[in-house]
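Residue numbers (mature numbering (1 follows the signal peptide of the UniProt record, and there is no 0)): -26 to -1, 1 to 172. All remarks here apply to the structure that follows.
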Amino acid sequence: MDPTMYKFRHLIAAASVMLLAAPLSAQVGSLSDGSLLNTQPSTSEGVASGDDTTSEIIGDWDLQCARTGPEPRPCRMYQLLKDNNGNSIAEVTVYRLPAGAPAAAGATFVVPLQTLLPQQLTLALDGVPANRIPYAYCLQIGCLARMGLSALEAEAYKGGNNVTVSLVPALAPDQVVTVNMSLKGFKEAYEKSNPVPN
């Protein structure tokens, strides 16, 4: 294995430990609050974190909904993305948006800090290139890429099998790291989730 790639894999493993050190629901709650058009996430809206959420595993997705508050209680769909060796590489949160929003749903991807940001995050739905997403900003837990899904894109995801997520490590810019985002259970979780408020 190329020494640079070996070093990058160790950095990914270290970043994964950092991602998992904080409570999972707290991480996601601070990232996927439905403020799709803002440059920084808001802590006053969206799904609450910690003990204020319910969790239901649907296929390969964790449907997390607010336990308290006005009905309907907002939800988010979460998946931790791992490589073939079981190393955590990225995480994704998908949340439906209310009718009239600029997109049907939003998605937030969190990748390691040692990612080459100008290369953007690349998604391929069942092998067909689908999206290139610019990174919005970085926090201590990783760098965020946020995207909106149109109604047509959401339908395509509901009918798909998996999305290949590709990123380029900063320490090995000639390499591409890919992980699969399973769509098993996506349709059921999506249709069961309530939109986050504006």
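From the three backbone atoms N, C-alpha and C, an ideal C-beta is built for every residue, glycine too.
Partner residues in the beta bridge of T28, as assigned by DSSP, are C39. N105 is bridged by DSSP to L97. Pairwise C-beta distances place the stretch 134 to 141 in contact with the stretch 95 to 104, as three or more of them are shorter than 8 Å. Contact holds between the stretch 66 to 73 and the stretch 48 to 56, because three or more Cβ pairs, one in each stretch, are under 8 Å apart. Residue range A125 to G133 is occupied by the alpha helix (DSSP H) that includes G133, with no beta strand (DSSP E) assigned at that position.
DSSP places K166 inside the alpha helix (DSSP H), whose first and last residues are F160 to K166. If you draw a 10 Å sphere on the C-beta of Y111, you find fewer than 16 other C-beta atoms in it, and that means exposed.
Listed in chain order, the non-local C-beta contacts of K161 below 7 Å within the same chain comprise K132, local neighbours out to five positions each way being set aside. Residues of the same chain with a CB within less than 7 Å of the CB of L54, apart from the 5 flanking positions on each side, are S62 and E65 in chain order.
Annotated three-state conformation of L141 is strand, per DSSP.
DSSP places I115 outside any beta strand (DSSP E), giving it a letter other than H or E.
According to the DSSP assignment, T67 belongs to the beta strand (DSSP E) that extends over S62 to R70. For T82, the uninterrupted beta strand (DSSP E) run begins and ends at A79 to V85, by DSSP.
Cα atoms of T27 and T89: separation of roughly 31 Å, rounded to the nearest angstrom. Taking 8 Å as the upper bound for CB-CB distance, V150 and G116 are not in contact here, some 18 Å apart.
The alpha-carbon of Y164 is positioned some 13 Å away from that of E127. A Cβ-Cβ separation of about 4 Å places A125 in contact with A78 under the 8 Å criterion.
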